[in-house]
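Written below as structure tokens is the structure these notes are about.
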Amino acid sequence: MASSPSSELWFWHFEGGGISGGFTWRGPNDVNDFRLPGDAIDPPLPFAALCDRLGAASMIVGEQVHGRRVFSLTSGARKGWLVVPECDGLVTPTPGIALVVRAADCVPILLWVEGACVAAVHAGWRGLAGGVVATAVARLLRLGHRASDIYAALGPSIGPCCYEIGQDAAAKLSALPGGEDAVLRRGGGSWFADLPMLARAQLAATGLRGSHILTPGECTSCRGDLFFSHRREGAESGRQVGVIVLSPGE
Ligand SMILES: [Zn+2]
């Protein structure tokens, strides 16, 4: 049975500049598990409780299929809960709508322009290779924002210490900005990827300032005491989330 997120919800919470956001950890007895049943018509309890905690009127979650599609909600308020099919990025300039990205090794990325717009992106190796980060940033630019005004926070994800990849992924990731340094070959000929480094490089390539890109630098696979990890625990692993909401009345 689903439990409410514990009082020890946040791994990292930040607030100010007209936004509130953060990343969760697994919590005592894995209470902060944000797996999303495929048939969830109503928000599962952890999501509903998170929405309450943030004082958000509604919550949007992407289905997350390792693609590059970004959903923008650019007009009108909405109430309640929305799961967007085949979607790995969410953008809204509307206050009070919490955007949620789920992850258990992939890089959860939160983006914001102070007091103006928020976004959430799910970036694993396929998403990074497919350009989901650049697509999300382009959406913010299309709304009239400047790249130099965008901030990004990268949540906990699997590190190059643990993320072994196949040759096909290695070839694709090597060709990306930062790929030469982020794809590593180790003893025995195995390939490893540094997803956070690739995400940072893509954000920088779209014009974000290096000082605006924040990262906690923890590996989900190494830190089983803190995080769920698909690579370590398998397909039935729980999920942590990143969430961001534009505060009303700023
Ligand atoms: Zn590791």
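Those letters in the sequence shown? Residues 1 to 250, by this note's numbering.
Virtual Cβ for every residue (Gly too), placed ideally from N, Cα, C.
- For L54 against S20, the beta-carbon gap comes to about 6 Å, under 8 Å, which counts as contact.
- Short of 7 Å from the beta carbon of R35, and not among the five residues preceding or following it, lie these beta carbons of its own chain, in chain order: G238, R239.
- By the neighbour-count criterion, in which a residue is buried when 16 or more other Cβ atoms sit within 10 angstroms of its Cβ, A235 is exposed.
- When C-beta atoms of the stretch 112-119 are compared with those of the stretch 177-193, fewer than three pairs fall below 8 Å, so the two segments do not count as touching.
- DSSP, read as helix, strand or coil, puts G224 in coil.
- For S58, same chain residues with a beta-carbon under 6 Å away, outside a window of 5 residues either side, are R78, K79, G80, I97 in chain order.
- Relative to ligand 1, the nearest heavy atom lies less than 7 Å away from the CB of G159.
- Remark: the C-beta of S221 is in contact range of ligand 1, defined as less than 7 Å to any heavy atom.
- Taking 8 Å as the cut-off, the beta carbon of W191 is found closer than this to the beta carbon of E164.
- The alpha helix (DSSP H) runs of length 4 or more contained entirely in the stretch 61-134 are, from start to end of the chain, 125-130.
- If one requires a minimum length of 4 residues, the alpha helix (DSSP H) runs lying completely within the stretch 139-220 are 167-174, 179-182, 195-205, in chain order.
- Looking only at V133, R223, G131, the smallest Cα-Cα distance to G27 is reached by R223.
- Remark: C-beta atoms of D88 and V61 do not approach each other more closely than 8 Å.
- About 11 Å separates the Cβ atoms of L226 and W12, ruling out a contact at the 8 Å cut-off.
- In this model, C161 and S221 are separated by some 9 Å (Cα to Cα).
- The beta carbons of L214 and A152 sit about 7 Å from each other, so the pair counts as a contact at 8 Å.
- The shortest CA-to-CA distance from N29 to any of L9, R146, V133 is the one to L9.
- Judged by pairs of C-beta atoms under 8 Å, the stretch 142-157 does not touch the stretch 171-179, as fewer than three such pairs exist.
- Counting only the Cα atoms, G187 lies some 48 Å from A116.
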